[in-house]
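Protein chains in written order, with my numbering: chain A, 1 to 292; chain B, 293 to 385; chain C, 386 to 642.
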C-alpha cells in the first residue's frame, strides 16, 4: 500500500448551473499556474461561471490545459469558445494558448476586488511558494506591493511539509491546532527545514501534535504579520490564496494584527485566476481579445 | 506603484522599494545600467506603463545579489539609488 | 595550564583540550535533543583521551548556539570571536575566515591577532548552511559524505533556480526525473551554496588569505565550488569542525582569573 500523502489537499471543480454561457456576450478565462496549485476560472460577462483547482504537474502548459479542461467539463464549452485567456502565476509565461500574461499581483488584486468588494485596500496573498502584500484602490488596481525572497516559511508548501512531518491531513491542520489548552510559544525558527527539526524535538518531549501545530501556525502568522506591518495595513483587509482556508494561521494572524479580515462566499484560492478572467474580459471590450 | 522587493539576512529583513510612478517620465532609465549585479530591467507593467523592476530570477536571490554593494563597514552610496535621477529607488537598511 | 574549549553546535558538540597552547585531546558528540548530556559526553571523551579528570581543567570557554548549556560554568564567547581566534592560530596569515556550520554561515574579517574586524552572518536559513547539502543529498539518495566527491565528476554546469532548501529539494527530484546525471546535480547543489556563502563573504571583503572552517569545509565539492566562485585558492585546516572549539580553548587560556 502506498504511503498516505498527508499534504495532499482535495482538488475540485464547479460550475454555476444558473448561468447560460451561450446567452452571454463575453466568455473569458483566467488561468493561474502556481508552483503548487493551478486554477482555471471561466467568466461570462464578468460573472463567475466555472472554476477548477488542482495540483500543478511537472510542466506549466499541461497544468494550464488540464485545469482549463476540467473547469469546462460538463459545461458544453470548449477552449475555442473563449474570447480571451489571461495567464497568471509563476507559470504564466509558459501557457501557449494564453493571449496575455499578467502578474499574479495584479490578478489577485483584481480578483479580490470582485470577491470581497471594492472596499478592499490591503490584500494578503498566501500562495504555495510565496506570500505577497498588496495595496489596491477601489478599482482593484495595485498601488503598492511587497514580496519577500522565495522561502517556504509562510507559504502553502511549508504547511504541506509540516502536515507530512506530523502525519496530519493538511485540511485538518487548522482545526487541530486549536485543540490546545493554552497557546504555546511559536517555533523559534522561520526556516521550514529548521522548524521541522524543532518540531521533531518537541514531539520527543511529549508535546501532542495539536500543540506543535499551534506553535507552527503561530510562527507562520507572526512571519506574515511582520511583512504586512512593513507595508502598513489600510482597511479593509482580505486574504487570498490557499492558506486563507487554514483557520490555524488566519485566526492567529487576525489576533496578532488586531484586524478582522473580510469574509467571502467565494473560494479564496481562485482569486488570481478570477482576476485573470476579469482582465481577459476587459481586453475583449478593448478589442484586444483572442488573436485570430 | 510602490514595488517592494524583499530579502532577509542575519541582521534583519530589508526591502528595495521602487516608486514606479516616476518611471514613465524618465527617458534614459539609467538605473538598469547602474546596478553592477544587473538586477534591474525595464518591463511593461500590468497597466501598460514601462517601469523599472527587479528581474524575476533575481527576486529569489536579492540577498546575495545585493550583498557586494552593502559592505559591513563604510558602505558607499548604492549604485542603484544614485543611479535613479528621480530618487525613486530606496533601500531600507 | 589546561583549558577546555567547547563548541555547542547545532549538529555536533566539539571539545578541544589545550595544555600550554598545545592541543592534547579532542572530543565530539552529536548534539541531538539532549544537548547537555551530549556536551558532557564529548568532554568526557576528550578527558579520557588526555588521561585527565574534570578538575584538571583550569578554565573552560564555550561558544556555539547552545553555549548556555555547556558544562562547567564556562566563559562564553560568540561564534565569530571563537572562529577568528582558532583560524588564526592554525593559519597565521588568515585574514578572511569563512565558517559554514550545520545551521549557519558566517564570514569574518580578522587581524593577525585573531581579533574580529567585521563579520556577516546569514539568517538561520537552511539554504546557506550545511543543512542544504544534507537535504539535497537525501533528495539525491546519496550519503552526505559522498555528495562532494560525486560533484567533482560532473561534466557540465547546470543552474539551480530555487534558493530555499524546501523548493530546491523538489527541483532536485525533477532533475532526477529528467535523467540529469547525479554528478551534475551534485555540482549544481554545491555551486548554489558556494555562491550564497561567497556573496555573504563579499560583505566583509575578501582579503587573502581565505580560510574555510566548520564541518561543511570537509566537503570537497563545496571547497571546489567556493574556490571557483572566489577565483582563488583557499585553505582548509585539518579537522575544520574543531577550529571554533580551539578558539574557545585559546580564549579561556588568554583570560586571567
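All C-beta atoms, glycine included, are put in the ideal place defined by N, C-alpha and C.
Since we're looking at a predicted model, the values are computed, not measured.
Using the rule of at least 16 other Cβ atoms within 10 Å of the residue's Cβ for burial, across every protein chain shown, is residue i buried or exposed?
{"i": "residue 625(C)", "result": "buried"}
{"i": "residue 312(B)", "result": "buried"}
{"i": "residue 90(A)", "result": "buried"}
{"i": "residue 260(A)", "result": "exposed"}
{"i": "residue 2(A)", "result": "Reliability of the predicted coordinates at residue 2(A) is poor, the pLDDT of 49 falling under 50, and no value is obtained from them."}
{"i": "residue 562(C)", "result": "exposed"}
{"i": "residue 299(B)", "result": "buried"}
{"i": "residue 525(C)", "result": "buried"}
{"i": "residue 93(A)", "result": "exposed"}
{"i": "residue 640(C)", "result": "exposed"}
{"i": "residue 405(C)", "result": "exposed"}
{"i": "residue 587(C)", "result": "buried"}
{"i": "residue 10(A)", "result": "exposed"}
{"i": "residue 543(C)", "result": "exposed"}
{"i": "residue 356(B)", "result": "buried"}
{"i": "residue 59(A)", "result": "exposed"}
{"i": "residue 78(A)", "result": "exposed"}
{"i": "residue 564(C)", "result": "exposed"}
{"i": "residue 113(A)", "result": "buried"}
{"i": "residue 454(C)", "result": "buried"}
{"i": "residue 386(C)", "result": "exposed"}
{"i": "residue 21(A)", "result": "buried"}
What residues in its chain sit with their C-beta under 7 Å from that of residue i, if we drop five residues either side in the sequence?
{"i": "residue 537(C)", "result": "605, 606, 609"}
{"i": "residue 6(A)", "result": "163, 164, 167, 168, 169, 170"}
{"i": "residue 511(C)", "result": "517, 520, 550"}
{"i": "residue 558(C)", "result": "524"}
Among residues of its own chain, excluding the 5 on either side of residue i, which ones have a beta-carbon nearer than 6 Å to its beta-carbon?
{"i": "residue 471(C)", "result": "628, 629, 631, 632"}
{"i": "residue 642(C)", "result": "Because residue 642(C) sits at a pLDDT of 49, beneath the cut-off of 50, its placement in the model cannot be relied upon, and the following sentence gives the value as read from the coordinates. Cβ neighbours of residue 642(C) beyond the five flanking positions: none."}
{"i": "residue 402(C)", "result": "389, 409, 410, 431, 435"}
{"i": "residue 576(C)", "result": "610"}
{"i": "residue 52(A)", "result": "13, 40, 67, 70, 71"}
{"i": "residue 597(C)", "result": "483, 619, 621"}
{"i": "residue 266(A)", "result": "115"}
{"i": "residue 475(C)", "result": "622"}
Is the distance from the Cβ of residue i to the Cβ of residue j below 8 Å?
{"i": "residue 215(A)", "j": "residue 169(A)", "result": "no"}
{"i": "residue 213(A)", "j": "residue 165(A)", "result": "no"}
{"i": "residue 83(A)", "j": "residue 40(A)", "result": "no"}
{"i": "residue 496(C)", "j": "residue 574(C)", "result": "no"}
{"i": "residue 33(A)", "j": "residue 131(A)", "result": "no"}
{"i": "residue 467(C)", "j": "residue 636(C)", "result": "yes"}
{"i": "residue 116(A)", "j": "residue 262(A)", "result": "yes"}
{"i": "residue 335(B)", "j": "residue 297(B)", "result": "no"}
{"i": "residue 95(A)", "j": "residue 31(A)", "result": "yes"}
{"i": "residue 570(C)", "j": "residue 459(C)", "result": "no"}
{"i": "residue 579(C)", "j": "residue 446(C)", "result": "no"}
{"i": "residue 146(A)", "j": "residue 257(A)", "result": "no"}
{"i": "residue 142(A)", "j": "residue 105(A)", "result": "yes"}
{"i": "residue 545(C)", "j": "residue 554(C)", "result": "no"}
{"i": "residue 102(A)", "j": "residue 276(A)", "result": "yes"}
{"i": "residue 191(A)", "j": "residue 509(C)", "result": "yes"}
Which residues in chain D sit within 7 Å of residue i, going by Cβ to Cβ distance?
{"i": "residue 590(C)", "result": "Protein chains A, B and C are contained in the structure displayed, whereas chain D is not."}
Leaving out the 5 sequence neighbours to the left and right, which residues in its chain are closer than 8 Å to residue i when beta-carbon positions are compared?
{"i": "residue 199(A)", "result": "162, 165, 166, 187, 212, 215, 216"}
{"i": "residue 86(A)", "result": "28, 29, 30, 31, 98, 99, 100, 101, 102, 107, 276, 277, 279, 280, 283"}
TODO: Using a Cβ-Cβ cut-off of less than 9 Å, list which residues of the segment 328 to 346 of chain B approach chain A; keep chain order.
DONE: 337, 338, 339
Open item on the list: Taking 8 Å as the cut-off, does the segment 237 to 251 of chain A touch the segment 109 to 127 of chain A (at least 3 CB pairs, one atom from each stretch)?
Closed with: yes
Task: Residues within the segment 607 to 640 of chain C neighbouring chain A, beta-carbon criterion of under 9 Å - done: none
Task: Contact the segment 409 to 429 of chain C vs the segment 358 to 373 of chain B: 3+ CB pairs below 8 Å - done: no
TODO: Identify each residue in the segment 354 to 382 of chain B for which the Cβ-Cβ distance to at least one residue of chain C is less than 7 Å, and report them in chain order.
DONE: 356, 359, 360, 362, 363, 364, 365
Open item on the list: Does the segment 343 to 355 of chain B come into contact with the segment 319 to 330 of chain B, if we say contact requires no fewer than three beta-carbon pairs (one atom in each stretch) closer than 8 Å?
Closed with: yes
Task: the segment 105 to 124 of chain A / the segment 134 to 150 of chain A touching (three or more Cβ pairs under 8 Å) - done: yes
- [ ] Return the residues of the segment 218 to 249 of chain A that lie within a Cβ-Cβ distance of less than 9 Å from chain B, sorted by chain order.
- [x] 226, 227, 230, 231
Task: Under 7 Å (Cβ pairs) to chain B, residues found in the segment 433 to 453 of chain C - done: none
Task: Members of the segment 180 to 208 of chain A that neighbour chain C once the beta carbon cut-off is set at 9 Å - done: 188, 189, 190, 191, 192, 193, 194, 197, 200, 201, 204, 205
Task: Selection of the segment 301 to 321 of chain B by Cβ proximity to chain A, strictly under 8 Å - done: 305, 307
Task: Members of the segment 516 to 538 of chain C that neighbour chain B once the beta carbon cut-off is set at 9 Å - done: none
Task: Interface positions of the segment 153 to 170 of chain A facing chain C (Cβ-Cβ less than 7 Å), listed along the chain - done: 157, 158, 161
Task: Selection of the segment 566 to 593 of chain C by Cβ proximity to chain B, strictly under 8 Å - done: 580, 581, 584, 585, 587, 588, 589, 590
Task: Where the segment 18 to 44 of chain A meets chain C: residues whose CB sits under 7 Å from a CB there - done: none
TODO: Identify each residue in the segment 464 to 478 of chain C for which the Cβ-Cβ distance to at least one residue of chain B is less than 7 Å, and report them in chain order.
DONE: none
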